[in-house]
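Protein chains in written order, with our numbering: chain A, 150 to 349; chain B, 150 to 349. Virtual Cβ for every residue (Gly too), placed ideally from N, Cα, C.
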């Protein structure tokens, strides 16, 4: 059986997104700087992403990560990523709004789950098989899974960026006990893989 | 001429100390967990510390790091570290209270500076020669030097610990631009050396 991971880019002061988040700029002011390491054409950063994608059999994300207001959903909002989202696997979106599943190109299908985080995880496990399940954000979704003790590994991509304000990743989760599993570094970012030894 | 560094142990959620700091427990509840990596008898963590100590010609620290209330100072308070503090070099303590310099065993002398951070830095430079000057904490002292654009390198020892509350290291400093210089990892902690490219 696969494990449950959270794989997230954060600033060194612990932010997942910058301040002034909005529907137009869900990652906040300066938040894109956390993801600049993705531009490397090759090297350790590319290998890390390829490894993640190869290992992930299903994703879970919060409503805000999928995006769109209820008005936009009525008009057929299909997420931020265009016709061929980068997941290439089933994505379970936590929401209070029922909606039919939404198949996209390239193997991504969005499923909308209104029964809470444990049901979403059970459904993700059912389709992931031997592969991993990645909790793909945003912060409050990650915090809910961490606080519930449902996460096996936390993979942080620590960008050399100080945001000073915005949305913090690791608030409201108590003090889960962690262990360093692996560190991979590049000039652009420091990848640290932590195992959750015991939920707080 | 040496450079100005800050070398600090932090939690992955960005805390330098835990909550409920007091004169008796200046590092706060759980704060000692950030320093557990120091127990390794050998290996990369020991080498990092030896390298720091060998390169540092002078230290600057805030009043709270030196410790003691004014009553204790009158009674001859000499800091937290006993007769032979671990600095083995001049230490400039930022304070509003004038006090004669305090020579300790092993080469540490505490100097009390009442004229602000730039004067303390000039005095530290004068004695450090070709060696580095380390801003040794606490958070507000580090923040003042970072905000003033006076720090060349930030060396973070990122412990696999989530504190959830306490004193944050990198608040109130704007968004200085950083570059990763070096990463050294061990099972106990991830050492990341950042160069400050431009103050915010």
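Backbone CA spacing between residue i and residue j [nearest angstrom]
{"i": "residue 215/B", "j": "residue 287/B", "result": "10 Å"}
{"i": "residue 264/A", "j": "residue 209/B", "result": "55 Å"}
{"i": "residue 314/A", "j": "residue 253/A", "result": "35 Å"}
{"i": "residue 239/A", "j": "residue 205/A", "result": "10 Å"}
{"i": "residue 223/A", "j": "residue 246/A", "result": "11 Å"}
{"i": "residue 289/A", "j": "residue 345/B", "result": "31 Å"}
{"i": "residue 337/B", "j": "residue 191/B", "result": "12 Å"}
{"i": "residue 167/B", "j": "residue 175/A", "result": "31 Å"}
{"i": "residue 347/A", "j": "residue 232/B", "result": "40 Å"}
{"i": "residue 332/B", "j": "residue 194/B", "result": "12 Å"}
{"i": "residue 280/B", "j": "residue 153/B", "result": "9 Å"}
{"i": "residue 172/B", "j": "residue 217/B", "result": "7 Å"}
{"i": "residue 256/A", "j": "residue 151/B", "result": "55 Å"}
{"i": "residue 219/A", "j": "residue 261/A", "result": "13 Å"}
{"i": "residue 237/A", "j": "residue 250/A", "result": "15 Å"}
{"i": "residue 244/B", "j": "residue 212/B", "result": "5 Å"}
{"i": "residue 318/A", "j": "residue 156/A", "result": "11 Å"}
{"i": "residue 277/B", "j": "residue 227/B", "result": "22 Å"}
{"i": "residue 342/A", "j": "residue 177/B", "result": "26 Å"}
{"i": "residue 329/A", "j": "residue 301/B", "result": "28 Å"}
{"i": "residue 234/A", "j": "residue 207/A", "result": "13 Å"}
{"i": "residue 334/B", "j": "residue 202/B", "result": "19 Å"}
{"i": "residue 164/B", "j": "residue 225/A", "result": "43 Å"}
{"i": "residue 230/B", "j": "residue 275/A", "result": "56 Å"}
{"i": "residue 179/A", "j": "residue 340/B", "result": "25 Å"}
{"i": "residue 327/A", "j": "residue 242/A", "result": "27 Å"}
{"i": "residue 316/A", "j": "residue 189/B", "result": "35 Å"}
{"i": "residue 266/A", "j": "residue 258/A", "result": "18 Å"}
{"i": "residue 248/B", "j": "residue 169/A", "result": "47 Å"}
Collapsed DSSP secondary structure at residue i in the structure displayed
{"i": "residue 174/A", "result": "coil"}
{"i": "residue 347/B", "result": "strand"}
{"i": "residue 317/A", "result": "strand"}
{"i": "residue 156/A", "result": "strand"}
{"i": "residue 330/B", "result": "strand"}
{"i": "residue 338/B", "result": "coil"}
{"i": "residue 299/A", "result": "coil"}
{"i": "residue 252/B", "result": "strand"}
{"i": "residue 194/A", "result": "helix"}
{"i": "residue 323/A", "result": "coil"}
{"i": "residue 180/B", "result": "helix"}
Range of the contiguous alpha helix (DSSP H) that encloses residue i
{"i": "residue 267/B", "result": "266-277"}
Unbroken beta strand (DSSP E) run spanning residue i, endpoints
{"i": "residue 296/B", "result": "It is not in any beta strand (DSSP E) - residue 296/B instead sits in the alpha helix (DSSP H) that spans 288-296."}
{"i": "residue 257/B", "result": "That residue, residue 257/B, is in no beta strand (DSSP E); it is neither H nor E in DSSP."}
{"i": "residue 305/A", "result": "302-308"}
{"i": "residue 282/B", "result": "281-284"}
{"i": "residue 312/A", "result": "It is not in any beta strand (DSSP E) - residue 312/A carries neither H nor E in the DSSP assignment."}
{"i": "residue 166/A", "result": "164-166"}
Under 7 Å from the C-beta of residue i: neighbouring residues of chain C
{"i": "residue 157/A", "result": "No chain C appears in the structure shown, which is made up of the protein chains A and B."}
Any non-hydrogen atom of the ligand GDP closer than 7 Å to residue i Cβ
{"i": "residue 169/B", "result": "The ligand GDP is not among the ligands present in this structure, which contains no ligands whatsoever."}
Cβ contact check for the region 192-201 of chain B and the region 317-324 of chain B: 3 or more pairs under 8 Å = These segments do not touch.
With a cut-off of 8 Å, do at least 3 Cβ pairs link the region 304-314 of chain B to the region 160-167 of chain B?
-> Result yes; three or more Cβ-Cβ pairs closer than 8 Å.
Which residue spans inside the region 199-248 of chain A form an unbroken beta strand (DSSP E) run of at least 3?
-> DSSP runs (the beta strand (DSSP E)) wholly in the region 199-248 of chain A: 205-211, 239-243.
Does the region 272-286 of chain A come close enough to the region 266-276 of chain B to have 3 or more Cβ pairs within less than 8 Å?
-> Output reads no: the region 266-276 of chain B does not touch the region 272-286 of chain A.
Examine the Cβ distances between the region 294-308 of chain A and the region 174-194 of chain A and report whether three or more of them are shorter than 8 Å.
-> Counting C-beta pairs closer than 8 Å gives three or more between the region 294-308 of chain A and the region 174-194 of chain A, which meets the contact rule.
Inter-stretch contact (C-beta, 8 Å, three-pair minimum) for the region 289-296 of chain B and the region 292-303 of chain A | No, the region 289-296 of chain B is not in contact with the region 292-303 of chain A.
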